Amino acid sequence: MSLQADFDKAAQDAKDKIPDKASNDDKLALYGLFKQASVGDVDTKKPGLFDQKGRAKWEAWEKQKGKDKETAQKDYIALVAELVKKYASA
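For the sequence shown, position 39 matches number 39 in the UniProt record's numbering, and the numbering has no gaps at all.
So, in structure tokens, the structure goes:
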């Protein structure tokens with residue numbers, strides 16, 4: 001399979017196999033890597049103080065700044081596999 005196909009499968013696995021009860025840190029890590037792999041470096045302004053959820057997501061994405069698409073996809077695939085294993089035994 002190509003890297004893009006593996007990435008797409010990991011994205012589906014994240015939806016199907018990682019429960020809603022996953023920790024916020026895990027969800028934010030997934031979000032940041034997904035956005036970096038899909039869009040590239042953060043391209044929006046940081047949300048205001050009253051948008052805590054938006055700020056957390058923006059900061060998770062910002063942490064991945066400078067990471068190329070291929071590396072972000074590989075890191076995302078690895079993180080999904082790790083979290084699927086973690087939450088399957090939970």
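All C-beta atoms, glycine included, are put in the ideal place defined by N, C-alpha and C.
Remember, it's a predicted structure, so these values are computed and weren't measured experimentally.
C-beta atoms of residue i and residue j nearer than 7 Å
{"i": "Ala-10", "j": "Val-84", "result": "no"}
{"i": "Ala-37", "j": "Lys-57", "result": "no"}
{"i": "Lys-35", "j": "Trp-61", "result": "yes"}
{"i": "Pro-47", "j": "Gly-40", "result": "no"}
DSSP three-state assignment for residue i, whether helix, strand or coil
{"i": "Asp-25", "result": "helix"}
{"i": "Thr-44", "result": "coil"}
{"i": "Gln-64", "result": "coil"}
{"i": "Asp-51", "result": "coil"}
{"i": "Val-80", "result": "helix"}
{"i": "Ser-38", "result": "helix"}
{"i": "Asp-20", "result": "coil"}
Cutoff 6 Å; reference residue i; Cβ partners in own chain excluding five residues on either side
{"i": "Leu-3", "result": "Gln-73"}
{"i": "Gln-75", "result": "According to the sequence provided, residue 75 is Asp. The question's Gln does not apply to it. Taken in chain order, the residues that qualify are Leu-33."}
{"i": "Lys-67", "result": "Gln-36"}
{"i": "Tyr-31", "result": "Lys-57, Ala-60"}
Residues near residue i in its chain [Cβ-Cβ closer than 8 Å; skip 5 each side]
{"i": "Ala-22", "result": "Leu-83, Tyr-87"}
Chain-order list of residues whose beta-carbon lies under 7 Å from that of residue i (same chain, five-residue window excluded)
{"i": "Asp-13", "result": "Val-80, Val-84"}
Beta-carbon separation (whole angstroms), residue i vs residue j, contact threshold 8 Å
{"i": "Ile-77", "j": "Asp-6", "result": "5 Å"}
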